[in-house]
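For reference, the structure discussed in these notes is given below.
2 protein chains.
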Amino acid sequence: MALDTPSSQFGALCEQAGIAPTHQRLVIWQALKEMRNHPSPEEVFARVRPQLPTVSLATVYNSINLFLETGVFRQVNAHHRKLRIETNATPHPHLVCRQCRTISDLDAGLFDNLPAPRDLPDGFVAEHVAVDVIGLCSSCREGSSFRESPA
Amino acid sequence: MALDTPSSQFGALCEQAGIAPTHQRLVIWQALKEMRNHPSPEEVFARVRPQLPTVSLATVYNSINLFLETGVFRQVNAHHRKLRIETNATPHPHLVCRQCRTISDLDAGLFDNLPAPRDLPDGFVAEHVAVDVIGLCSSCREGSSFRESPA
DNA sequence: ATCCAGAATAAGAATTATTCTCATTCAAGA
DNA sequence: TCTTGAATGAGAATAATTCTTATTCTGGAT
Chain U
72 MALDTPSSQF GALCEQAGIA PTHQRLVIWQ ALKEMRNHPS PEEVFARVRP
122 QLPTVSLATV YNSINLFLET GVFRQVNAHH RKLRIETNAT PHPHLVCRQC
172 RTISDLDAGL FDNLPAPRDL PDGFVAEHVA VDVIGLCSSC REGSSFRESP
222 A
Chain C
72 MALDTPSSQF GALCEQAGIA PTHQRLVIWQ ALKEMRNHPS PEEVFARVRP
122 QLPTVSLATV YNSINLFLET GVFRQVNAHH RKLRIETNAT PHPHLVCRQC
172 RTISDLDAGL FDNLPAPRDL PDGFVAEHVA VDVIGLCSSC REGSSFRESP
222 A
């Protein structure tokens, strides 16, 4: 039997996903697994440069998109209007400030036991139910005094 | 008492939101109210041009952002990585295809009775709990035969 | 071991969405 | 009517992402 090294894990994952297990993809995958806090492609790019000095940002985008398409990673709801990757495979809700767009994790159990979605259009395969609590964080509330009665 | 015309409604709304009720904003607000299907700023721009032939796209963006900041409209979770506006004020879950990024509405009752979010960071004010069912629509499933066992 | 074919990569150009700049216009109050 | 600050229009600028293309790599066949 094969050793359970990162690269053999990655090989199995790629076979399952139907993509080629290239060196660049392995390094990017490992970086994603080690990163927390919903990294952006730019951050992943910076993280892998020491190991892949000539890697191109396009390759990082390509690999990430491939991972998202094949279900290796999931995308965080892009309240940022930018791509952010979910590195934590355990489903959990997110807390999003609609002003500064900071995303943070909430307890996994917070919205457990959601009913299974029903009445979906024919042929739609639901993979995940994303729950996001939207609001204003304390520092953004201080800044924006909209909607206050004129005293 | 004032007549309940669209523009008087809008005037009241603007007073509440603390923004000036300009003509451009009125027309954009009315357009949004009449549109369904999570319009993009570009679509709103096209819609208001007959009434505002010289309006600039920047004004459409400015007005929409102002509406979002002051709570007049809400943004749809940007699985699109583009700005989309929620024109239906009744909270309801969305169905999102992660490939073609089409957004459609689900029944409002589908995820009723969600528990109130708890354990939020100090000072965070939750305004809305967004629920999105993510998956693949039938036509995208046909196109992409990833992850299928090799027969 | 070498060759071949197709896939992946690097580099930078191109595209697209959004924001910014600034001169002009507008509107409400003095 | 003037004044003043805000809003607008026009287009430039920016930022994120994708595309293009030449090159490199990989794995299988010879």
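Chains as they are written, first to last, in our numbering: chain U, 72 to 222; chain C, 72 to 222. We put the CB at the ideal spot given by N, CA and C, even for glycine. Everything numeric in this text was worked out from a predicted model, so none of it was measured.
Considering only the alpha carbon of each residue, which of the options lies closest to residue i?
i, options, result
"residue 184 (chain C)", "C:196, C:113, C:173, C:201", "C:201"
"residue 178 (chain C)", "U:100, U:190, U:178, U:124", "U:190"
"residue 175 (chain C)", "C:193, C:132, C:194, C:155", "C:155"
"residue 168 (chain C)", "C:207, C:95, C:76", "C:207"
"residue 92 (chain U)", "U:115, U:125, U:134, U:126", "U:134"
"residue 171 (chain U)", "U:211, U:199, U:180, U:81", "U:211"
"residue 121 (chain U)", "U:157, U:99, U:198", "U:99"
"residue 144 (chain U)", "U:166, U:105, U:213", "U:105"
"residue 166 (chain U)", "C:209, C:196, C:119", "C:196"
Out of curiosity, what's the CA-to-CA distance linking residue i and residue j?
i, j, result
"residue 109 (chain U)", "residue 142 (chain U)", "16 Å"
"residue 85 (chain U)", "residue 164 (chain U)", "28 Å"
"residue 111 (chain U)", "residue 159 (chain U)", "14 Å"
"residue 94 (chain U)", "residue 123 (chain C)", "55 Å"
"residue 220 (chain C)", "residue 194 (chain C)", "Confidence at residue 220 (chain C) is low in this model, with a pLDDT of 30, below 50, so its placement is unreliable and the value that follows should be read with caution. Each residue's Cα considered, the two are about 50 Å apart."
"residue 204 (chain C)", "residue 107 (chain U)", "24 Å"
"residue 114 (chain U)", "residue 83 (chain C)", "45 Å"
"residue 101 (chain U)", "residue 148 (chain C)", "28 Å"
"residue 103 (chain U)", "residue 199 (chain C)", "30 Å"
"residue 87 (chain U)", "residue 97 (chain U)", "15 Å"
"residue 89 (chain U)", "residue 81 (chain U)", "12 Å"
"residue 126 (chain C)", "residue 173 (chain C)", "28 Å"
"residue 180 (chain U)", "residue 209 (chain U)", "24 Å"
"residue 78 (chain C)", "residue 213 (chain U)", "31 Å"
"residue 116 (chain C)", "residue 76 (chain C)", "23 Å"
"residue 157 (chain U)", "residue 131 (chain U)", "15 Å"
"residue 128 (chain C)", "residue 129 (chain U)", "30 Å"
"residue 188 (chain C)", "residue 188 (chain U)", "20 Å"
"residue 192 (chain C)", "residue 192 (chain U)", "37 Å"
Since residue i meets chain U, which of its residues come closer than 7 Å, beta carbon to beta carbon?
i, result
"residue 193 (chain C)", "209"
"residue 178 (chain C)", "190"
Mind reading off the beta-carbon distance from residue i to residue j? Whole number of angstroms is fine, and I expect it under 8 Å.
i, j, result
"residue 232 (chain U)", "residue 182 (chain C)", "Absent from the model: residue 232 (chain U). The displayed extent of chain U is 72 to 222, so no value can be given."
"residue 139 (chain C)", "residue 146 (chain C)", "5 Å"
"residue 153 (chain U)", "residue 152 (chain C)", "7 Å"
Closer than 9 Å by beta-carbon distance: list the chain C residues that pair up with residue i, in chain order.
i, result
"residue 230 (chain U)", "Outside the displayed span of chain U (72 to 222) sits residue 230 (chain U), for which this structure offers no information."
"residue 196 (chain U)", "206, 207, 208, 209, 212"
Between residue i and the ligand MN, is the CB less than 7 Å from at least one heavy atom?
i, result
"residue 117 (chain U)", "Ligands are entirely absent from the displayed structure, and the ligand MN is therefore not among its contents."
Cβ closer than 8 Å: which chain C residues qualify as neighbours of residue i?
i, result
"residue 153 (chain U)", "152"
"residue 116 (chain U)", "By Cβ distance, chain C contributes nothing, its closest Cβ being about 18 Å from residue 116 (chain U), past 8 Å."
"residue 186 (chain U)", "181, 182"
Which bits of chain U does residue i rub up against, with CB to CB less than 9 Å?
i, result
"residue 166 (chain C)", "188, 191, 192, 195, 197"
Counting only runs that start and end within the stretch 105 to 183 of chain U, where is the beta strand (DSSP E) found for 3 or more residues in a row?
Within the stretch 105 to 183 of chain U, complete beta strand (DSSP E) segments of at least 3 residues are found at 165 to 168, 174 to 176, given in chain order.
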